[in-house]
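Enquirer: Residue numbers (the working numbering): 552 to 1125. All C-beta atoms in this analysis are idealised placements derived from N, C-alpha and C, irrespective of residue type, glycine included. All values reported here derive from a predicted model rather than from experimental measurement.
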Amino acid sequence: MASKKTGTPPSGPAGPSRKGMTGAQIFHEMLLDEGVERVFGIIGGAVLPIFDVLYASPIPFVLSRHEQGAAHMADGYARSTGKVGVCIATSGPGATNLATGLATAHMDSVPMVAFTGQVKSFMIGNDAFQEADTTGVTRPITKHNCIVKRIEDLGRTIKEAFHIARTGRPGPVLVDLPVDVTVNECPVEPDVEPKLPGYKPQLKGHMRQIKTAAEAINAAERPVLYVGGGVIVAGASEHLRAIAEKGNIPVTTTLLGMGAVDENSPLALKMLGMHGTAWANYAVQDTDCLIAVGARFDDRVTGRLDTFAPNARVIHIDVDPASISKNVDVDVPVVGDAADILPRMLEFIEPKDRSAWLARIDEWRKKYPLRYDTDGHIKPQEVVDLLGQMTDHDAIVATGVGQHQMWAAQFYGWRRPRQIITSGGLGTMGFGAPAAIGAQFGNPDKTVIDIDGDGSFSMTMVEVLTAVRYQQPVKFIVLDNDYLGMVRQWQELFYGRRYSAVEHPCPDWAAVAEGFGATGLRVSERSELGDALKQTLETDGPVVLHVHVDPDENVYPMVAVGKGLHEMDLGKLA
């Protein structure tokens, strides 16, 4: 093995002139300047010059088992820390394998920068080995992307990528790097100052609009705060809680907004929408003032649009002006960053006695609580419920996508921001396992759990090997119902129980985990569940707990497509 001394040591931001540096060295300098703490990815031919420099870098590199896993790890790292996640892949299939992760981050406004290798610039368009039009493929699924064709522009382009990724409405940015740009030496002092004259996110809210919104809230008898992930992205959760408490305003959250309020609070309505709580949905349908903060009125939240919040005056606070009145007509728009707007709005919010409104909501809460029976098989809800109790509702929890995701949302009991790491807008199965690993890297002192389904886990569980290699103590809890459960539920309710292509037999995941070098546990009896969860949480290193759960359990409430929020199927909750 070559000596570590053969790598090029970083000069740092205060180092010598960058003239004469290779593109790979400039790339590394920019990562140091941006304070990058870790990079996820997979090496390949087109990025070899970069990895030759990273060989001696103080920035740790995490080698994933698939580029999609690397993107999800960078995503989980970013969501759980608020920092920009970084991933690298080679050209061609390496780059295209990042696409699902980029689209996931784009839909959920996650700050990421992805670097991809590219064939030499003079070969682009000639169908060279492992060539792909990476910028063309990823343009619709990134906030911004570009290809660097001049080494003189490399430093500035990377600086711009990080700035765009983290500011305004955050999102993933991709930078495509031809091999010759990373190999060649820069003949002049490279430009490293961002030049983005057309990029000016509006962060400061207009005071007149803020006052108008506050006046509408004060005049309302039945207001509801509808809170999305934008509040968490902005770091505005404390300001949001202060407004809710001062005005006695109940708060419902989207899937990505969970943790913006402590669900122990009497003002917390938990999640709304397709699988939201009955009391949250009824409250939204009856409110006379809906205050949306950092949310985008997506179809899973609103149900049938023409019946959504029919009696409400709608206030919408969002940093992205394109989101306002996109789906629902807004009466009072306030464009800007929630961290700027909410504290200024707070001074105009008047304390109000809204006990009658809160009592009405509490009646719905008592009449239609989230519950489950404990007959027969282990219920997936009870696994999540017990896990929340055993971790004091304080763990960072990643999920895949499907029924288990909704049960996690309903039953864990969210206390703080950046606690739930899940794919919202794109609904990406396979997200949970790698995202949990990324979150664990970003939060080494926290308990990190992946609550997963057998379908989701199957797609990316190879990344357990990454957790083993890097000794990341993620706890993977797989709720196995032998089906692709959410699809089976739809087939049961809407397709006459014609269960087409949803049976999903799995191997013994505990045995697979043992083969990977992790601890593997399994449980199928309710009497053993508590001990199995306790052992999982107390075992050092990564653990896979395979839990056999009731195959016929459905998620309720459920708002069918084409129905309004007040037309919920309450199932067993009725």
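What are the partner residues of residue 669, as DSSP defines its beta bridges?
Expert: Residue 669 is bridged to 729.
Enquirer: Would you kindly report the start and end of the unbroken beta strand (DSSP E) that includes residue 864?
Expert: It spans 864-869 - the beta strand (DSSP E) in which residue 864 sits, taken as one unbroken run.
Enquirer: Given 8 Å as the limit, is there contact between the stretch 1109-1124 and the stretch 1090-1099, that is, 3 or more CB pairs closer than that?
Expert: No, they do not touch.
Enquirer: Give the DSSP-derived three-state secondary structure of residue 1109 in the structure shown.
Expert: Strand at residue 1109.
Enquirer: Quick check on the DSSP output: what are the complete alpha helix (DSSP H) runs of length 4 or more inside the stretch 686-747, in order along the chain?
Expert: The qualifying runs are 705-717 and 730-734.
Enquirer: Going by other Cβ atoms of all chains shown within 10 Å of its Cβ, with 16 needed for buried, is residue 810 buried or exposed?
Expert: Counting Cβ neighbours within 10 Å, residue 810 comes out buried, since at least 16 surround it.
Enquirer: Work out the CA separation of residue 1106 and residue 1041 for me, nearest whole Å.
Expert: Whole-angstrom Cα-Cα distance: 10 Å.
Enquirer: Apply the 10 Å Cβ neighbour rule to residue 925 and answer buried if 16 or more other Cβ atoms are within range, or exposed otherwise.
Expert: It counts as exposed.
Enquirer: What number of angstroms, rounded off, separates the C-alpha of residue 899 from the C-alpha of residue 856?
Expert: Their Cα atoms are separated by approximately 31 Å.
Enquirer: For residue 1073, report the span of its beta strand (DSSP E) as first-last.
Expert: Segment 1070-1074, the beta strand (DSSP E) holding residue 1073.
Enquirer: May I have the straight-line CA-CA distance separating residue 1078 from residue 928, to the nearest angstrom?
Expert: If you take the alpha carbons of residue 1078 and residue 928, they lie about 11 Å apart.
Enquirer: Taking residue 798 as the reference, which of 806, 767, 779 and 780 has the closest Cα?
Expert: Residue 798 has its Cα closest to that of 767, out of 806, 767, 779 and 780.
Enquirer: For residue 1003, collect the residues of the same chain with a Cβ closer than 6 Å to its Cβ; drop the 5 residues on either side in sequence, then sort them by chain order.
Expert: The answer, listed in chain order, is 951, 983 and 1029.
Enquirer: So, with DSSP's three-state summary, where would you put residue 591?
Expert: Here residue 591 sits in strand by DSSP.
Enquirer: Do residue 669 and residue 728 have their CB atoms nearer than 9 Å?
Expert: Yes; because the gap between Cβ atoms is below 9 Å, this pair is in contact.
Enquirer: State the start and end residues of the unbroken beta strand (DSSP E) segment that holds residue 826.
Expert: Taken as a continuous stretch (DSSP letters only), residue 826 belongs to no beta strand (DSSP E), as it is neither H nor E.
Enquirer: Note down the Cα distance separating residue 833 from residue 697, rounded to an integer number of angstroms.
Expert: Taking the straight line from one Cα to the other gives about 46 Å.
Enquirer: DSSP three-state label for residue 598, please.
Expert: Residue state, collapsed to three classes: helix.
Enquirer: Give the C-beta separation of residue 921 and residue 803 to the nearest angstrom, bearing in mind that I take them to be a contact with Cβ-Cβ under 8 Å.
Expert: Incorrect: roughly 14 Å between the Cβ atoms, too far for contact.
Enquirer: Helix, strand or coil for residue 809? Go by DSSP, reduced to three states.
Expert: Residue state, collapsed to three classes: coil.
Enquirer: Using only alpha-carbon positions, find the residue among 730, 1055 and 762 that is nearest to residue 666.
Expert: Cα-wise, what sits closest to residue 666 is 730.
Enquirer: Can you grab the Cα-Cα spacing for the pair residue 769 / residue 617, in whole Å?
Expert: For residue 769 and residue 617, the distance between alpha carbons rounds to 52 Å.
Enquirer: Once DSSP output is grouped into helix, strand and coil, what is the label at residue 1034?
Expert: The answer is strand: DSSP assigns residue 1034 an E or B state.
Enquirer: Shortest alpha-carbon distance to residue 800 belongs to which of 775, 822 and 783?
Expert: For residue 800, the nearest C-alpha among the options comes from 775.
Enquirer: Between the Cα of residue 746 and the Cα atoms of 709, 732 and 780, which residue gives the shortest distance?
Expert: When each option's Cα is compared against that of residue 746, the closest is 709.
Enquirer: Quick check on the DSSP output: the alpha helix (DSSP H) that includes residue 947 runs from which residue to which?
Expert: Where residue 947 is concerned, there is no enclosing alpha helix (DSSP H), although the beta strand (DSSP E) it sits in stretches over 947-950.
Enquirer: Can you give the Cα-Cα distance for residue 783 and residue 1086, rounded to whole angstroms?
Expert: Each residue's Cα considered, the two are about 32 Å apart.
Enquirer: Thinking C-beta only, is residue 860 closer than 9 Å to residue 835?
Expert: The answer is yes: Cβ separation under 9 Å.
Enquirer: Can you tell me where the beta strand (DSSP E) with residue 639 in it begins and where it stops?
Expert: Note, residue 639: beta strand (DSSP E), 636-640.
Enquirer: Is residue 998 helix, strand or coil when you go by DSSP?
Expert: Residue 998: coil per DSSP, three-state reduction.
Enquirer: Just to confirm my understanding: we take residue 721, look at its own chain, exclude 5 residues before and 5 after, and list those with CB closer than 7 Å. What are they?
Expert: Excluding residues within five positions, the ones whose Cβ falls inside 7 Å are 660, 661, 662 and 784.
Enquirer: Can you tell which of 945, 949, 912 and 963 has its C-alpha closest to the C-alpha of residue 936?
Expert: Among 945, 949, 912 and 963, the Cα nearest to that of residue 936 is on 963.
Enquirer: Residue 953 and residue 1036 look like a contact to me (Cβ under 8 Å); what is the Cβ gap, rounded to whole Å?
Expert: At roughly 6 Å, the Cβ-Cβ gap stays under 8 Å, so residue 953 and residue 1036 are in contact.
Enquirer: Tell me which residue opens and which closes the alpha helix (DSSP H) that residue 628 is part of.
Expert: Looking at the DSSP string, the run of the alpha helix (DSSP H) that includes residue 628 is 618-632.
Enquirer: Classify residue 914: buried if its beta carbon has 16 or more other beta carbons within 10 angstroms, exposed otherwise.
Expert: That one is exposed.
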